[in-house]
Amino acid sequence: MSYETLAGRTAVITGAASGMGAATARLLAAQGVRVALLARRAERLEELAVTIEAEGGEALAVTADVTDQASVDAAAERVHSTFGQVDLVVNAAGVMLPNPVDEGRTDEWQRMIDTNVTGALRIIRAFTSDLVAAAADGRTTDLVNISSIGAHVTFPNYAVYGATKAALTHLSSSLRTEFGPRDVRVTNIEPGLTDTELGGHIDNAELSGQLDGMFDALGALSSEEIADLVAYATSRARHINLRQLVVLPTRQA
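The sequence shown begins at 5 in our numbering and counts up one residue at a time.
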């Protein structure tokens with residue numbers, strides 16, 4: 005599908021080295037959006053930027069770790085110095101590390117909180133003034149947070165991951181009360197089972213096997229299909245805010 009109204013916009017996309025972030029960057033760039041690619045893996049970002057430019061798009065690879073404030077500050081400075089004001093922000097960086105709570109994996113808990121919640125907040129803090137100023141100038145502006153169906157559907161051994169995504173979903177709702185009156189749209193997307201690298205981070209063989217079984221039984225969404233939702237939501241008329249999008253494979257209850 006073509007989203008011609010996106011042309012000329014400037015986006016920041018976190019988690020852009022793979023999965024939903026990378027797919028979103030390619031799709032938005034194909035629609036004429038200048039995309040700043042933020043993630044930790046510099047080589048992957050550079051490869052994506054080269055691909056986007058070969059396809060006729062404009063991309064900036066910015067190595068950044070959303071769990072580190074200094075890194076985010078430096079990334080924002082580079083984005084601003086190269087592209088200027090941003091009018092579209094996609095928080096796609098995330099990590100999923102399931103384990104039983106009684107294992108007490110505080111290392112995993114902290115990593116998920118720092119990435120999925122605090123990381124998103126750092127990005128929001130870095131670009132809020134851009135979004136508000138662009139909206140005040142009459143431009144269409146968007147903040148898109150990629151949450152998860154785990155925000156409100158419980159799964160055994162995914163309690164902390166689900167809690168971080170519930171926090172992101174609630175944050176999105178609350179931000180609409182602050183940003184909406186200033187014409188900044190906030191969209192929260194909750195995908196169900198999606199084929200990304202998240203499953204590869206799991207260090208529990210039993211849970212990894214369970215996830216593989218779900219893929220076999222239910223099928224999965226693709227990162228490109230989530231990217232399509234981002235493009236659809238952000239290409240609507242300025243006065244329309246698709247506030248909450250829940251998307252599942254048809255076989256997932």
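Note that the Cβ used here is the ideal one computed from N, Cα and C, for glycine as well.
Just so you know, these numbers come straight off a predicted model, no measurement behind them.
Run of the alpha helix (DSSP H) containing A29, from where it starts to where it stops: Annotation for A29: the continuous alpha helix (DSSP H) segment containing it runs G23 to A34.
- request: Rank T14, S152 and E107 by C-alpha distance to the C-alpha of N120 and give the top, closest one.
  value: When each option's Cα is compared against that of N120, the closest is S152.
message: Taking 7 Å as the threshold (C-beta atoms), are M116 and V99 in contact?
response: Closer than 7 Å, so yes.
task: Count the other C-beta atoms from every protein chain shown that fall within 10 angstroms of the C-beta of T110, then say buried if there are 16 or more, exposed otherwise.
output: Exposed, since its Cβ has fewer than 16 Cβ neighbours within 10 Å.
field: Beta-carbon gap between N103 and I127 smaller than 7 Å
entry: Not in contact: N103 and I127 (Cβ atoms no closer than 7 Å).
Selection from A21, A40, Q248 and L42 that minimises the alpha carbon distance to I150: If we check each option's Cα against that of I150, Q248 comes out closest.
field: Three-state secondary structure assigned by DSSP to R143
entry: Residue state, collapsed to three classes: coil.
- request: State the Cα-Cα distance for the pair R45 and L135, rounded to the nearest angstrom.
  value: Approximately 26 Å between the Cα atoms of the pair.
query: My guess is that V148 and T238 are in contact by the Cβ rule of under 8 Å, so how many angstroms apart are they, rounded?
result: The Cβ separation is near 7 Å, so the contact holds.
field: Nearest neighbour of V37, chosen from A53, G23, I244 and S226 [CA to CA]
entry: With distances taken between Cα atoms, V37 lies closest to A53.
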